[in-house]
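Here the working numbering is used: the first residue of the sequence shown is 1074, the next is one more, and so on.
Here a beta-carbon is modelled for each residue, glycine too, at the ideal position from N, C-alpha and C.
Because the structure is a prediction, the values reported are computed rather than measured.
Single-structure report; data block below.
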Amino acid sequence: MSRRPLPQDPMIRALIAQARRAQLNRRTLLAGAGAGAAALALAACSTGGAQGKPDAAVDDSANDPTLNWANWAAYIDEDDSGAYPTLERFTEETGITVNYEVAVDDNNTYYGKVKDQLALGQDIGADTAVLTDWMIARWIRFGYAQKLDHANIPNLANLSPALRDPDFDAGREYSVPWQGGFAGICWNTEAIPGGIESVDDLWSPDLKGRVGVLSEMRDTMGLIMLQNGIDIAGDWGDDDFTAAIDVLRTQVDNGQVRNIKGNSYLEDLKSEDTLAAICWSGDITVLNAEAGDKWKFALPTAGGTIWNDNFLVPIGSPRKTNAEKLINYYYEPEIAAEVAAWVNFITPVVGAKEAAIAIDPELAENQLIFPNEETLANAHIFRSLDGAEEQKYQAQFQSILLGA
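What follows is the structure in structure tokens.
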């Protein structure tokens, strides 16, 4: 597949690739990979939409200084008391009270919970939600996102040029990036002092029954396909995906894989139910900070995945201007750097690296936030799927979740 040359800046190289491909989930939380949650996720993959697009709610921000923000777990700065320092300062500066909810457990399951309300143009209880590129594309296509007023987001000028005009949202009319990151492998350094280097290392007999993998199809299958020698950004097909599915099914059936989970995989690492896992980059930094510095993250020798998540305003939100003020606030480089320092994911804000140097010079060298050429060379984008492929491959993956 031909590509235009990428810019030289390593962060820009990664982000422009995401914008071009625009098809990765960040994370999936199907608690315990239970049948009910897996079935909901599978049902939510339907490509069907509403017959007519709903009308946007009337904006009442001028009379209602509140905001509901739906986000993923461990995805904002947090202090020892459980408060969110940057959000508290946002409220002080604007007078807008924010109800921050860890409400997005998975792109598909979250969509499954709110899609009926969205189709009717109703308020889903979130004035902004953070979702992954491919799901953002669905909301825009069905008319479930409100058009943003860029006049209320002057700091959008700080958005990486690579992300300003993605194919799923030309001109960023409906969405604005929040964070990006990697999926790779992690392990307990006390239990596995020699470490692991590849996905194949997860299948070592010494780790039988102590391995976790993600319930996010693109990340788990992406890493296995890379291990199989497949260019996941390239022109692969059914045989390549099925071969990787067979690898996963074998490891689940023989008891090598203990759990298939989303964010709750961190609890398994803490309890040492699992000693190694397919995981998300920034999570391991948070885990080390919370539960002792004994876990390590790495991109496998065959490569890891890279993805991006974005703000949008749901069609039924009556507080769009408040949401736009929030987005604008988080595009101040100093604020973006503060968040990045805590979450350890790739920031899309130009100037954040320079601001990070002021916080901690070593922070600007963190490969999980500002990856260099060597790191990016080992990170890959899972190619875009059409509707038929999405349903077919997700169904194959969900069949393993249902049987796990």
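With the cut-off set at 9 Å, would you say residue i and residue j are in Cβ contact?
{"i": "Glu1332", "j": "Asp1341", "result": "The residue you asked about is not Glu; residue 1332 is Asn in the sequence shown. Cβ distance < 9 Å, so Asn1332 and Asp1341 count as in contact."}
{"i": "Pro1239", "j": "Asp1292", "result": "no"}
{"i": "Leu1280", "j": "Leu1348", "result": "yes"}
{"i": "Asn1417", "j": "Ser1472", "result": "no"}
{"i": "Ile1379", "j": "Leu1275", "result": "no"}
{"i": "Trp1142", "j": "Ala1199", "result": "yes"}
{"i": "Gly1191", "j": "Gly1460", "result": "One point to set straight first is that residue 1191 is Leu, not Gly, in the sequence displayed. No."}
{"i": "Glu1037", "j": "Thr1159", "result": "Shown here, the chain extends from 1074 to 1477; a query on residue 1037 therefore has no answer."}
{"i": "Gly1377", "j": "Phe1241", "result": "no"}
{"i": "Asp1222", "j": "Ala1130", "result": "no"}
{"i": "Asn1445", "j": "Ala1146", "result": "no"}
{"i": "Ala1375", "j": "Gln1464", "result": "no"}
{"i": "Val1320", "j": "Leu1339", "result": "no"}
{"i": "Pro1250", "j": "Asp1150", "result": "no"}
{"i": "Thr1167", "j": "Lys1398", "result": "yes"}
{"i": "Gly1365", "j": "Gln1329", "result": "no"}
{"i": "Tyr1157", "j": "Gln1252", "result": "no"}
{"i": "Ile1303", "j": "Ser1248", "result": "no"}
{"i": "Val1203", "j": "Asn1144", "result": "yes"}
{"i": "Gly1476", "j": "Val1325", "result": "yes"}
State the CB to CB distance for the pair residue i and residue j, rounded to an integer number of angstroms; the pair is presumed to be in contact (CB under 8 Å).
{"i": "Leu1385", "j": "Trp1212", "result": "6 Å"}
{"i": "Val1175", "j": "Tyr1183", "result": "The Cβ separation is near 11 Å, so there is no contact."}
{"i": "Phe1455", "j": "Ile1258", "result": "16 Å between Cβ atoms; not a contact."}
{"i": "Ile1351", "j": "Leu1287", "result": "5 Å"}
{"i": "Ile1442", "j": "Ile1419", "result": "6 Å"}
{"i": "Ala1452", "j": "Leu1372", "result": "6 Å"}
Below 8 Å CB to CB, which residues in the same chain sit around residue i once its five sequence neighbours on both sides are set aside?
{"i": "Gln1469", "result": "Phe1314, Thr1315, Ile1318"}
{"i": "Ile1432", "result": "Ala1410, Glu1411, Ala1414"}
{"i": "Thr1262", "result": "Gly1268, Lys1367, Trp1368, Lys1369"}
{"i": "Leu1140", "result": "Ile1169, Thr1170, Val1171, Asn1172, Asp1200, Thr1201, Arg1392, Asn1395, Ala1396, Leu1399"}
{"i": "Tyr1466", "result": "Met1290, Met1294, Phe1314, Leu1458"}
{"i": "Asp1132", "result": "Pro1391, Arg1392, Lys1393, Thr1394"}
{"i": "Asp1137", "result": "Pro1391, Arg1392, Asn1395"}
Looking only at its chain, what residues have a beta carbon closer than 7 Å to the beta carbon of residue i, apart from the 5 residues adjacent to it on each side?
{"i": "Asn1228", "result": "Asn1401, Tyr1404, Glu1405"}
{"i": "Ile1265", "result": "Leu1348, Ala1349"}
{"i": "Asn1231", "result": "Tyr1404, Pro1406, Val1422, Val1423, Gly1424"}
{"i": "Ser1134", "result": "Arg1392, Lys1393, Thr1394, Asn1395"}
{"i": "Ala1108", "result": "Because the pLDDT of Ala1108 is 40, which lies under 50, any placement of that residue in the model is unreliable, and the question is left without a value."}
Let's see if you can read the secondary structure: which residues bound the alpha helix (DSSP H) around residue i?
{"i": "Ser1354", "result": "1354-1364"}
{"i": "Trp1489", "result": "Not covered by the structure: residue 1489. The range shown for the chain is 1074 to 1477."}
{"i": "Asp1240", "result": "Segment: none, Asp1240 is in no alpha helix (DSSP H) and carries neither H nor E."}
{"i": "Phe1384", "result": "No alpha helix (DSSP H) holds Phe1384; the beta strand (DSSP E) holding it covers 1377-1385."}
{"i": "Val1412", "result": "1406-1416"}
{"i": "Leu1280", "result": "Premise fails: Leu1280 is in no alpha helix (DSSP H) and is neither H nor E."}
{"i": "Leu1296", "result": "1290-1300"}
{"i": "Gly1460", "result": "1460-1476"}
{"i": "Glu1427", "result": "1425-1432"}
{"i": "Leu1399", "result": "1393-1403"}
Spatial neighbours of residue i within its chain, please: CB distance less than 6 Å, with the 5 preceding and 5 following residues excluded, ordered by chain position.
{"i": "Thr1201", "result": "Trp1142, Phe1384, Val1386, Ala1396"}
{"i": "Leu1436", "result": "Ala1414, Ala1429"}
{"i": "Asp1128", "result": "Gly1194"}
{"i": "Glu1270", "result": "Thr1374"}
{"i": "Pro1278", "result": "none"}
{"i": "Met1294", "result": "Ala1317"}
{"i": "Ile1357", "result": "Cys1259, Trp1368, Phe1370"}
{"i": "Asn1098", "result": "Reliability fails at Asn1098, whose pLDDT of 37 lies under 50, so the model's placement of it is uncertain and no value is given."}
{"i": "Lys1343", "result": "Ala1364"}
{"i": "Pro1234", "result": "none"}
{"i": "Asn1361", "result": "Trp1368"}
{"i": "Thr1120", "result": "Low confidence applies here, because Thr1120 scores a pLDDT of 45, under 50, leaving its location unreliable; read the following figure in that light. So the qualifying residues of the chain are Gly1460."}
{"i": "Tyr1217", "result": "Leu1191, Ile1388"}
{"i": "Arg1322", "result": "Ile1473"}
{"i": "Phe1163", "result": "Tyr1402"}
{"i": "Trp1309", "result": "Ile1303"}
What residue does the beta strand (DSSP E) around residue i start on, and which one ends it?
{"i": "Phe1255", "result": "1248-1261"}
{"i": "Asn1141", "result": "1139-1144"}
{"i": "Leu1441", "result": "Unbroken run through Leu1441: none, as it is neither H nor E."}
{"i": "Ala1371", "result": "1368-1371"}
{"i": "Leu1275", "result": "That residue, Leu1275, is in no beta strand (DSSP E); it is neither H nor E in DSSP."}
{"i": "Leu1023", "result": "Any answer about residue 1023 is impossible in this case: the structure gives the chain only from 1074 up to 1477."}
Quiz item: What residue ranges within the region 1146-1190 form continuous beta strand (DSSP E) runs of no fewer than 3 residues, ordered along the chain?
Solution: 1170-1175
Quick check for students: name the residue ranges of the alpha helix (DSSP H) that lie wholly in the region 1306-1330, counting only runs of 4 or more. 1311-1326
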